[in-house]
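K.L.:
Under the working numbering, residues 826 to 1490 are what the sequence shown spells out, in order.
Cβ coordinates follow ideal geometry from the N, Cα and C atoms, glycine included.
After the structure tokens below, expect a handful of questions from me.
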Amino acid sequence: MKKALFIIFALLCLTLTACGKGILNLESSDDSGPVSQTESKDSQSHVHEYAIEVVEATCTRGGYTLYKCDCGDSYQDNLTPPLEHDYKESEVIPADCTKEGSVTYVCSRCGDSYTRTIEKTKHDYVNAKYTLTKEGLSYVLEHSGTCRICGETSREVKADFNFGLDTTCADVREFNILQKGGKMEVSLNGDSLTFKATPDKYFRFKCWSDGEDSPSRTLPVNDAKDINAVFEYEYYTMPVMNIDTSGQEVVSRDFYVNCNVTLTNCDEDYLLDNKLAGIRVRGNSSANNGDVDWIRQNKVHYKLKFDKRTSFLGLNNNAKCKSWVMLRGDSYFVKEPLAFLMGNRFLEGEYFTSDYTFVEVYFNYEYMGVYIICDQIQVDKYRIDIDEQEEGETELETGYLLEIDNYYYFEPYYFSMVYDSVQLTDMYGATHTANGVGYSVKNDYLTDEQLKFIRNYTRNVYRIVYKAIWEGEYYKFDENYNLIPAPEFTNSRQVVENVMDIKSLVGMYLVNEVAAQRDVGEGSFYMYVDFTQEKPLLTFCAPWDYNWAYFDGTGFLYNIFTVAAWQPQSFIDYAGNRSSTWFITLNHADWFEQLVKEQWTKAVDNGWINELFEEIDRVADTYENEFRKNTSRWNSGSQRSYGGAVKSWLKKRVDWLNTQWYLNQ
826 MKKALFIIFA LLCLTLTACG KGILNLESSD DSGPVSQTES KDSQSHVHEY
876 AIEVVEATCT RGGYTLYKCD CGDSYQDNLT PPLEHDYKES EVIPADCTKE
926 GSVTYVCSRC GDSYTRTIEK TKHDYVNAKY TLTKEGLSYV LEHSGTCRIC
976 GETSREVKAD FNFGLDTTCA DVREFNILQK GGKMEVSLNG DSLTFKATPD
1026 KYFRFKCWSD GEDSPSRTLP VNDAKDINAV FEYEYYTMPV MNIDTSGQEV
1076 VSRDFYVNCN VTLTNCDEDY LLDNKLAGIR VRGNSSANNG DVDWIRQNKV
1126 HYKLKFDKRT SFLGLNNNAK CKSWVMLRGD SYFVKEPLAF LMGNRFLEGE
1176 YFTSDYTFVE VYFNYEYMGV YIICDQIQVD KYRIDIDEQE EGETELETGY
1226 LLEIDNYYYF EPYYFSMVYD SVQLTDMYGA THTANGVGYS VKNDYLTDEQ
1276 LKFIRNYTRN VYRIVYKAIW EGEYYKFDEN YNLIPAPEFT NSRQVVENVM
1326 DIKSLVGMYL VNEVAAQRDV GEGSFYMYVD FTQEKPLLTF CAPWDYNWAY
1376 FDGTGFLYNI FTVAAWQPQS FIDYAGNRSS TWFITLNHAD WFEQLVKEQW
1426 TKAVDNGWIN ELFEEIDRVA DTYENEFRKN TSRWNSGSQR SYGGAVKSWL
1476 KKRVDWLNTQ WYLNQ
């Protein structure tokens, strides 16, 4: 039985060598149905007989050997790759100075061909002559003569010479601003070209575009090529900002001039490249009350407003805001920064204080000096984050930002306060009637009712404070912000902290008293209240404008109080009474004086008072070259000298205040 099965299996295997239709193939390859028994028998006897054909490779097609049976079965092997073209030069037509030439290449195997063009040759001049022409501020070197080959007489540009400013403060050899930063002189002397690059003041020569770094050089005229002189800012450590107004002057306090702002010589993350913005003059007396001729001749403050929110050199935790302030610095570049430092420290970062940095500024690539860049005091989520209504909204209980303002009458929304014309006697026994001042409201949109509401509220807050501290009468607001008696309070501190933020009062008092700020009661003093909060409190914040501070004179001395007391009579006679009615009123309370001493003692023990002196030294040391340039431009004097004077006065002031306030003697 096993032998029979083996024979059957062998027969089945033999059928598989047929052309494809054995007895096991019960179905055809199409829909014609089963094959016949006759076909099956014929196919069992067929064995492939392959004819062999060798197909040679060509330039574009590979070769192979083809095996093909009469039954249609076939396969390939011995595959070879294409030979590729074997091009040989077939025809050469030389080029000359009048026409292009060509070279034709033909494949030796398949006859395929292509042609390459040869550029015209240069003229071979006899009696050649070079001519150097100045066109505007640049130069053109031309070559003229009669060609020995074609006889043509022609004039060709051999090379162009130009110059410009590289604003990148990086290692590059080309300018990105044409014909700024200096000037260039080129002369042709026989067979030589002489170049001289001269930087403008506050710029320096960087290099030639071919890498040469000497501002003067000579080249054989036959070797002439396009060459540019590259200038750069005279920069050192400070970031450099250029404000490009397309030549428009910036002399108005009311209207912005469109500009592009570029910021370089800083960390890559802080670079600005042609940021769209607007710029206008800022200030009142500092701008000579808007005198255009005076502004043209003097250094002034500016307000810079970007079209889109933009962070600036990482200020204020990299806050993205549209508006930034450019302070001119005068001779004392540390006065504002010291106030900002004290504000941040005494207020312990809980209330808005402007951040700052120093920048060298160019207008349309003309040096304008060193500026202090700082935050704009405004209602903004990154600055004074209080409720702000849009135009047309009339809700009374919203956020309000106020400024005691010397120039309140220039603002759209303002009111006056006379503090009920109270008479106050200070710690030195001097008695004066509270001086009336103007308050401007910094909201963009206010209705008459909103303005009346915030005016009455502010006046009543002062009444509450004064009556509690000076008369022992305790009041509070009802739900409509009318004054009503407050019998539940047992001392003046409870009354005051019910309507004002005590910590902000203490912090802002310390900033102004340490600096001996002259203008504290008359101008540039900010406060806010947000009625959308659960407990609205009038809050002091944002120290600003300390040009009139940090020195003795006109009755001011380092060893007297001038913010918690009436200002010296000699100063009042000279400049009017600019004393702070708020702080004189508050200082009458023992608890307020105690809080001041505690906060001062904390600052001394923490060691940060010394940061003030360190900052004065840091600014003078780090930016010595920049301040030298600023002095050259504006005759502002030595920052080391002026900063040293502030440091000397401030040390005496701190030592004296320690005798008055320091509790851990």
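#1: Could you tell me the boundaries of the beta strand (DSSP E) in which residue 1320 lies?
#2: Buried or exposed, going by whether 16 or more other CB atoms sit within 10 Å of the CB of residue 1117?
#3: List the residues that DSSP assigns as beta-bridge partners of residue 1149.
#4: Among 989, 874, 938 and 1109, which one has its Cα closest to the Cα of residue 900?
#5: How about residue 908 and residue 889: are their beta carbons less than 8 Å apart?
#6: Of the residues 1229, 924, 1121 and 1138, which one's Cα is nearest the Cα of residue 1350?
#7: Hey, how far is the Cα of residue 1289 from the Cα of residue 1173?
#8: Please classify residue 935: is it buried, with 16 or more other beta-carbons within 10 angstroms of its beta-carbon, or exposed?
#9: Can you tell me the Cβ-Cβ gap for residue 1197 and residue 1158, rounded? I've got them flagged as a contact below 8 Å.
#10: Quick one: does the C-beta of residue 1114 sit closer than 7 Å to a heavy atom of the ligand GTP?
#11: Candidates 1360, 1363, 1343 and 1395: which alpha carbon is nearest residue 1375's?
#12: Across which residues does DSSP place residue 1057 in a beta bridge pair?
#13: Counting only runs that start and end within the segment 1379 to 1405, where is the beta strand (DSSP E) found for 3 or more residues in a row?
#14: Between residue 784 and residue 1304, what straight-line distance do the alpha-carbon atoms span, to the nearest angstrom?
#15: Should residue 1417 go down as buried or exposed, given a rule of 16 or more other Cβ atoms within 10 Å for buried?
#16: Would DSSP call residue 1110 helix, strand or coil?
#17: Might you give, ordered along the chain, the residues of its own chain that have their beta carbon closer than 8 Å to the beta carbon of residue 921, omitting 5 neighbours on each side?
#18: Buried or exposed for residue 1488, going by 16 or more other Cβ atoms inside 10 Å?
#19: Looking at the unbroken beta strand (DSSP E) that takes in residue 1224, where does it start and where does it end?
#20: Going by the CB atoms, is the gap between residue 1391 and residue 1245 shorter than 8 Å?
#21: Please classify residue 843: is it buried, with 16 or more other beta-carbons within 10 angstroms of its beta-carbon, or exposed?
#22: With H, G and I counted as helix, E and B as strand and the rest as coil, what does DSSP make of residue 1218?
#23: Considering just the uninterrupted stretch of the alpha helix (DSSP H) at residue 885, what are its terminal residues?
#24: Measuring alpha carbon to alpha carbon, tell me which residue in 1004, 1036 and 1016 is nearest residue 1023.
#25: For residue 1388 and residue 1338, which I take to be in contact (beta-carbon distance under 8 Å), what is that distance rounded to the nearest angstrom?
#26: Give the range of the alpha helix (DSSP H) segment to which residue 1471 is assigned.
#27: List the residues that DSSP assigns as beta-bridge partners of residue 1135.
#28: From the DSSP secondary-structure annotation, give me the bridge partner or partners of residue 1007.
#29: Looking at the secondary structure, which residues open and close the beta strand (DSSP E) in which residue 1239 lies?
#30: Below 8 Å between beta carbons: does that hold for residue 1203 and residue 1277?
#31: Can you check which of these residues, 882, 972, 877 and 1079, is closest to residue 895 by C-alpha distance?
#32: Does the Cβ-Cβ distance between residue 1063 and residue 1185 come in under 8 Å?
#33: Taking the C-alpha atoms as reference points, what is the distance between residue 1145 and residue 1094?
#34: Could you pull out every residue in the same chain whose Cβ sits closer than 6 Å to the Cβ of residue 1199, ignoring the five residues on either side in sequence?
#35: So is residue 1478 buried or exposed if we call it buried at 16+ other beta carbons inside 10 Å?
#36: When you compare each of 1329, 1490, 932 and 948 to residue 1408 by their alpha carbons, which one comes out closest?
P.N.:
With the given structure in hand:
#1: Where residue 1320 is concerned, there is no enclosing beta strand (DSSP E), although the alpha helix (DSSP H) it sits in stretches over 1317 to 1322.
#2: exposed
#3: 1129 and 1200
#4: 874
#5: no
#6: 1229
#7: 27 Å
#8: exposed
#9: 7 Å
#10: With respect to the ligand GTP, the structure offers nothing, as it holds no ligand at all.
#11: 1343
#12: 991 and 1029
#13: none
#14: Any question about residue 784 goes unanswered here, given that the chain covers just 826 to 1490.
#15: buried
#16: helix
#17: 945, 946, 974 and 975
#18: exposed
#19: 1224 to 1229
#20: no
#21: Below a pLDDT of 50, predicted positions are generally treated as unreliable, and residue 843, at 42, falls in that range; no measurement from the model is reported.
#22: coil
#23: Neither: residue 885 is in no alpha helix (DSSP H) and is coded neither H nor E.
#24: 1004
#25: 4 Å
#26: 1464 to 1486
#27: 1146
#28: 1024
#29: 1239 to 1242
#30: no
#31: 877
#32: yes
#33: 13 Å
#34: 1150, 1179 and 1181
#35: buried
#36: 1329
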